[in-house]
Amino acid sequence: MIFVAFSPANRNIVVFTDLDGTLLDHTTYRFDAALPALRLLKKKNIPLILCSSKTAAEIERLRKQLRLRHPFISENGGGIFVPRGYFDQDFVHDKKTPDYAIIELGAPYSELRAFLNRLQKRFPDTIQGFGDLETEEVARLCGLSVEEARLAKQREHDEPFLLHEARLEAEIVREARAHGIQVTKGGRFYHLIGGNDKGRAVSILTDLFRQERGETTTVGIGDSLNDLAMLAAVDYPVLVKKPDHTYDPSVSLPNLILASSPGPEGFCEAILRLVNTLT
Ligand SMILES: [Mg+2]
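What follows is the structure in structure tokens.
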């Protein structure tokens, strides 16, 4: 009889990460502080899956800068983009482009905009969506270049919005729910999304990795409420600090690992420690 000992050295790991405020600095959007951890993931062939409220156009740009060839998740779980030929096995998808097979989980953008317009009629002068803003305004509000803001406006499944009267939050959440729409919160904006969340997208992609490679350990890392479902869907959830060195109080899970720094510093420290423990 042959015994195949399970050695932690050949454990399959996949890391899912939020971008704004996690891998990317909240203010500067830089990821330099995370480079040692990014290098370790590359060296160990551990897929890093970018999972953000950003658009596919924005994530593709960053994915190129990071030289990643792995799938990614756009717009709060609205779309899963799998590079053509990445998995050997076939899987159900909704759309194909020359570069990707795409699983669409999000509501169409036009539906979200229609709902936002309805909210704006009901609560005049209190709500501003991305779709109402000029590219230059998006650039200014987000601290992006005009070119980056242009990519941020190419939305398919998620409408970020500013709420000028915070006391309306609960009422808007209720109203949205009654229309089958969710309100979530990232670092700067509220977001209108359909039935999707980052967690559902992470679970689907995890299943694809498991079908392909067998047993797989998952790590997730984020900073805000819109990461909660992703963190709940992984084996090792990590929360980084906010820029003011506090943790988002709306993210709580029994097995949550707390990184001791904000953004990319927290990412680096937590990923180095976790990957070195797991491998
Ligand atoms: Mg974030």
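Position one of the sequence shown corresponds to residue 7 (this note's numbering), numbered consecutively onward.
For each residue, glycine too, the CB sits at the ideal point set by N, CA and C.
All of these numbers come straight from a predicted model, not from anything done at the bench.
For the pair of segments examined, the segment 24-43 was found to touch the segment 52-61: the number of CB pairs separated by less than 8 Å reaches three. Non-local C-beta neighbours of F121 in its own chain, meaning closer than 8 Å and more than five positions away in sequence, comprise A182, H185, I187, L198, ordered along the chain. For the options V244, G269, A62, the alpha carbon positioned closest to that of N82 is the one of A62. Distance from the CA atom of S230 to the CA atom of P268, rounded to whole angstroms, is 12 Å. For I52 against V246, the beta-carbon gap comes to about 18 Å, at or over 8 Å, which does not count as contact. The straight-line gap separating the alpha-carbon atoms of D38 and G272 is approximately 12 Å. Annotation: the continuous alpha helix (DSSP H) that includes F273 extends over 269-284. Between the alpha carbons of L262 and G192 lies a gap of roughly 19 Å. Within 10 angstroms of the beta-carbon of P77 lie 16 or more other beta-carbons, which makes it buried. Straight-line measurement puts the Cα of R17 at about 23 Å from the Cα of L41. Distance from the CA of G137 to the CA of G205, rounded to the nearest whole angstrom, comes to 26 Å.
If you compare the alpha carbons of V179, R119, I86, D131 with that of T212, the shortest gap goes to I86. It is roughly 20 Å from the alpha-carbon of K248 to the alpha-carbon of V21. In the three-state scheme derived from DSSP, where H, G and I count as helix and E and B as strand, S266 is classed as strand. Proximity of the beta carbon of T28 to ligand 1 is indicated: a heavy atom of the ligand is located closer than 7 Å.
Between A207 and G226, the beta carbon gap of about 11 Å keeps them out of contact (Cβ cut-off 8 Å).
Between R161 and T141 the beta-carbon gap is near 13 Å, outside 8 Å, which marks them as no contact. Partner residues in the beta bridge of P89, as assigned by DSSP, are Y106. From the listed residues R45, E143, Q95, the smallest Cα separation to L74 is found for R45.
For F167, the beta-bridge partners assigned by DSSP are G135, Y196.
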